[in-house]
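Per UniProt numbering, residue 1 is the first one in the sequence shown, and the count goes up by one each step.
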Amino acid sequence: MTLSAHALLLLNAQRHDLDDRPDERSVARDWAHHVAEARAQGWVVAFVQWDAPHGAGWDTFSKDWTLHPDFRAEQGDVLVRAELPDAFAGSELAAQLHARAVQSLHLLALSGTPALDATLASAEAQGFRIESLEVPA
1 MTLSAHALLL
11 LNAQRHDLDD
21 RPDERSVARD
31 WAHHVAEARA
41 QGWVVAFVQW
51 DAPHGAGWDT
61 FSKDWTLHPD
71 FRAEQGDVLV
81 RAELPDAFAG
91 SELAAQLHAR
101 AVQSLHLLAL
111 SGTPALDATL
121 ASAEAQGFRI
131 ESLEVPA
């Protein structure tokens, strides 16, 4: 288990979030660079896989539910399933991060997603410092 004071948390790394965006390639490349950098520095890398909300145009466990092809969870990473809008509510995210001694989070997320504000508020309530937030326009 990787222990680190820092974690990179990807909130929107699933196919349903990134596929068919006009900036898909640039966002995926940029985020993949951040993931590689975080791993090189020994940070914990955490991915959230959101279950499909009621009325979504995709289904849980479908191709759209999987991580975008530019990302994969590796040994030592955290991969949790969550329901919108809060990645910490009803998931093992806080427990997994605390078990790895994480104190600060660096988030990658898409603007306008319901998860962003709820997860930020919950992260701070769980005792994590938000060190950086990258949100492509």
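Ideal placement from N, C-alpha and C gives every residue a C-beta, glycine not left out.
query, result
"I need the DSSP call for residue 18, collapsed to helix, strand or coil.", "helix"
"From this set, 44, 26, 136, which residue's C-alpha is nearest residue 93's C-alpha?", "44"
"Can you give the Cα-Cα distance for residue 107 and residue 97, rounded to whole angstroms?", "13 Å"
"Round the Cβ separation of residue 1 and residue 72 to the nearest angstrom and send it over; I've been treating them as touching at under 8 Å.", "With 8 Å as the limit, residue 1 and residue 72 do not qualify as a contact, their Cβ atoms being about 18 Å apart."
"Keeping to the same chain, check which residues put their C-beta closer than 8 Å to that of residue 60; ignore five residues upstream and five downstream.", "51, 52"
"Which residue spans inside the UniProt domain \"Isochorismatase-like\" (7 to 109) form an unbroken beta strand (DSSP E) run of at least 3?", "44 to 50, 78 to 82, 104 to 108"
"Measure the C-alpha to C-alpha separation of residue 9 and residue 16 and round it to an integer number of angstroms.", "18 Å"
"Below 8 Å, how does it come out for the stretch 109 to 116 and the stretch 76 to 87: are there three or more Cβ pairs, yes or no?", "yes"
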